[in-house]
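Letter by letter, the sequence shown follows residues 2 to 208 in our numbering. Let me begin by presenting the structure, written as structure tokens, before commenting on it.
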Amino acid sequence: MATLGFAACGSDDDAASNAAAEDREVVAGGDQFVASTDSPAEVATEAPATGGTSQTGAPIDFTFGRDLIVEAGVTMLTPDVRAAVDDIIRISRDNGGAVFNANVTVEDPLEDGSIPGGGTIVIRIPPTQLDRLIEDLKGVGTLRNQTQSVDDVTDQLIDLDIQIRQAFESVERMEAILAETTDFDSLVAAEIELVRRQTAYERLLAA
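The structure is reproduced here in structure tokens:
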């Protein structure tokens with residue numbers, strides 16, 4: 002997920018729009034936004050793997066069998082906030098992302114033609130598209146600052162996968178019991194329990 006924050010100033014300054022923070026979150030179930038290094042080819046199905054940079058600025062290796070959350074921040078200046086917002090949305094879509102949240106203020110144009118304003122835009126984007134996204138943002142304005150960090154969440158995803166598998170097996174067992182039940186009261190109780198287990202399973206899938 003990418004969070005882009007920005008603000009504007011007049012054309013006498015360097016420019017005006019501030020774009021800040023790219024955030025990648027792992028989504029359970031093999032979603033395209035998971036930076037799964039177990040299967041880099043699958044990640045690349047959505048977009049070619051170009052790597053990324055770590056907190057120290059070194060390239061991120063997406064090939065050593067781990068699941069990563071990538072967080073990055075970019076500060077950018079541009080004289081036209083309205084145009085910058087349009088460009089950021091277009092660039093996020095071009096890189097396989099989508100707008101997740103936005104809070105933007107655009108003020109009336111100034112006499113010098115610049116359009117002040119500010120706010121934040123949160124987008125979700127495949128981690129392997131990080132380098133290309135930042136490169137594309139250079140066309141929107143002047144990049145002034147960039148930060149980045151990586152969090153390894155492999156163990157958390159493994160735990161979630163185990164819970165999902167166990168919940169699925171629990172649903173299957175209850176379905177088998179329900180199929181063999183003939184007593185009315187037992188049938189009602191089994192149906193209620195099956196619904197409860199299915200709900201728990203679906204919640205885990207949505208986690």
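Even for Gly, the Cβ is constructed at its ideal location relative to N, Cα and C.
| Asked | Found |
| --- | --- |
| DSSP three-state label for residue 115, please. | coil |
| Are there 16 or more other CB atoms within 10 angstroms of the CB of residue 193, so buried, or fewer, so exposed? | exposed |
| For residue 71 and residue 182, what's the separation of their Cα atoms in angstroms? | 50 angstroms |
| Quick one: give me the first and last residue of the beta strand (DSSP E) that residue 152 is part of. | 143 to 153 |
| Report buried or exposed for residue 189, applying the criterion of at least 16 other Cβ atoms within 10 angstroms of its Cβ. | exposed |
| Exposed or buried, what is residue 37 when buried is set at 16 or more other beta-carbons lying within 10 Å of its beta-carbon? | Per-residue confidence for residue 37 stands at a pLDDT of 37, beneath the threshold of 50, marking its modelled position as unreliable; no derived number is given. |
| Can you look up residue 137 in the DSSP assignment and give me helix, strand or coil? | helix |
| How many Å lie between residue 155 and residue 164 at the Cα? | 14 angstroms |
| Under 6 angstroms Cβ to Cβ from residue 171, same chain only, skipping five residues before and after it: list those, please. | 198 |
| Run through DSSP, which three-state label would residue 99 get? | strand |
| From the DSSP output, read off the bridge partner residues of residue 178. | For residue 178, which the question treats as bridged, DSSP gives no partner whatsoever. |
| Which of the three DSSP states is assigned to residue 203 in this structure? | helix |
| How do the region 141 to 149 and the region 106 to 125 stand: do at least 3 beta-carbon pairs fall below 8 angstroms, yes or no? | no |
| Taking buried to mean at least 16 other C-beta atoms within 10 Å of its own C-beta, is residue 89 buried or exposed? | buried |
| With DSSP as the reference, please indicate the residues paired to residue 81 in a beta bridge. | 116 |
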